[in-house]
Amino acid sequence: MEIRGHHFLCILGFRGLGYDEKFVKNMDEIIRKLNNEHDMLIKAVDSVDNICSMCPNNVNGECTEEEYPGSVKGKDRAILKILGIEVGEVVRYKDVVDKIKENMTEEKMMNICKDCEWFNLGYCLEGIRKLKG
Ligand code: SF4
6 MEIRGHHFLC ILGFRGLGYD EKFVKNMDEI IRKLNNEHDM LIKAVDSVDN
56 ICSMCPNNVN GECTEEEYPG SVKGKDRAIL KILGIEVGEV VRYKDVVDKI
106 KENMTEEKMM NICKDCEWFN LGYCLEGIRK LKG
């Protein structure tokens, strides 16, 4: 399984919203798998991943939203840096979650995610609050 950096945070806030039905179904299945198999090995990436595989913005394996300042690729790298995970590193999902708990804060997340179209719904911040207890 490959997951891009910013999707580790999207997973926490996911409430069944997405680009279209196929995208939502795929994301839902991936999250269910991760929640059932905490030991699953994940390759952390900064390009299209298993969640992107059903996205309408994924054109021939490239994200059309990927390459501009503040784009998702920049978010991937910023988030992985905060978590202390290298791009391309293989990590257990439960270790990623522990690193989010330890290193990610609402403030850092706001700085990185504030211009995302889903962020203002508030679900993502609620997700990280819940995780950190
Ligand atoms: S917009 Fe880009 S990064 Fe986001 S899910 Fe679609 S292909 Fe992946």
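In this note's numbering, the protein residues as written are 6 to 138. Glycine included, every Cβ here is placed at the ideal spot set by N, Cα and C. Bear in mind the structure is a predicted one, so any value in this text is a computation, not a measurement.
- Relative to the ligand SF4, the beta carbon of N65 is positioned no closer than 6 Å to any heavy atom.
- For the set L14, C57 and M32, the Cα lying nearest the Cα of L22 is the one of M32.
- The C-beta separation of G132 from K80 comes to about 15 Å, leaving the pair out of contact by the 8 Å criterion.
- With contacts defined as CB atoms closer than 7 Å, K106 and H43 fail to qualify as a contacting pair.
- The continuous alpha helix (DSSP H) containing K137 extends over residues Y128 to K137.
- Shortest gap from the CB of E70 to any heavy atom of the ligand SF4: under 6 Å.
- In the structure shown, the three-state DSSP call for N108 is helix.
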